[in-house]
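For the sequence shown, our numbering begins at 1468 and goes up steadily by one.
The C-beta atom is built at its ideal place from N, Cα and C for all residues, glycine as well.
Computed from a predicted model, the values in this text were never measured in an experiment.
What follows is a short report on a single structure.
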Amino acid sequence: MGPESDSLTRHSPRIHVVRGISRPCPGTRGRRMKIGIIGAGNIGGTLARRFRELGHDVKIANSRGPQTLAEVANQTGAVPVAVADAVTDVELIVVTIPQARIPSLPGDLFADVPDDVVVVDTGNYYPRERDGRIGSIEEGVPESQWVAQQLDRPVIKAFNNIYAKRLGGAGKPGTERDRVALPVAGDDPNAKATVLKLIGELGFDGVDAGPLSESWRQQPGSPVYTADRDLEGVRQGLLDASRERTDAWRATPDSPGTYDAPR
């Protein structure tokens, strides 16, 4: 396995299961949080609904304006706002838009956001289906590191390896065994702890997947991607991941196509 096995040996101690944070006591919830969500698609809408069910205050925005979000608001209980308002007076921001649209966000969007506000990136790079070629990612930069560079803001990578339907319905109480586990990568331990706690509230087990530089271990094509593994399964899957991007997850000269007809 060469250099890859050396990397795993060097980094594997930082990949660990987080039990205390991600398994809240039955019948209890964390404190009420103010959350802003940018993106009202499948993952954004699902998180908005689930966070509201947990009692959190949620604002949601998209690129077309709050006037287009009446149905989402009705279904989730989130408050529709403009993108700039989604990052104002909140404690956690979820960015859940297509990878190729990240550069279209306002360049100063996070300029006045306090440093202690957590920013979560749920995104994945789908070059053949949606995003087309993003050179830095094709050359090996982990997807969420690229997002952090574009936003000029540290991010936590989470919620990217599970289908929206499963995110909305597969959570179980903390007393149940064999819960689906979700990896969380990032460089700020406090921000990571906040996300791991939310994952526990949602009914999943959280796994600390190491720093953002290691977040390629949970990208599309990795063993943990959409696999619904439990705690130990995710931990092992992270260790088994290969950094090499296979052809299925690389752009071609004809990219992008569609999900039905990738190119």
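Bridge-paired residues (DSSP) for D1524: For D1524, which the question treats as bridged, DSSP gives the partners K1501.
C-beta atoms of V1585 and I1623 nearer than 8 Å: Their beta carbons are under 8 Å apart, which means V1585 touches I1623 by this criterion.
Integer-rounded CB distance, given that L1698 should sit under 8 Å from D1672: Contact holds; Cβ gap of about 5 Å.
Which residues DSSP lists as bridging L1559, in chain order: DSSP, once it has assigned bridges, lists I1502, V1585 as partnering L1559.
Buried or exposed by the 16-neighbour rule on C-beta atoms within 10 Å, applied to P1720: It counts as exposed.
For K1639, the three-state DSSP class (helix, strand or coil): DSSP places K1639 in the coil class of the three-state scheme, outside both helix and strand.
Buried versus exposed, by CB contacts within 10 Å (16 or more), P1640: Classification for P1640: exposed.
Residues near F1518 in its chain [Cβ-Cβ closer than 7 Å; skip 5 each side]: Contacts found: I1502, V1525.
A1694 versus V1674 - alpha carbon distance: Each residue's alpha carbon lies about 14 Å from the other.
Rounded straight-line distance, which links the Cα of D1645 to that of Q1612: Cα-Cα distance, rounded: 31 Å.
V1554 in three-state terms, based on DSSP: Looking at V1554 - three-state DSSP - the assignment turns out to be coil, as it is neither helix nor strand.
C-beta atoms of S1689 and A1708 nearer than 8 Å: Contact flag set, yes.
Cβ-based burial, I1488 [other Cβ within 10 Å; buried from 16]: Any answer about I1488 is weak, because its pLDDT of 38 lies below 50 and its placement is not dependable; what the coordinates show is given next. Burial call: buried.
Continuous beta strand (DSSP E) assignments of at least 3 residues falling wholly in the segment 1570-1628: Runs of the beta strand (DSSP E) spanning 3 or more residues and lying entirely within the segment 1570-1628 occur at 1585-1588, in chain order.
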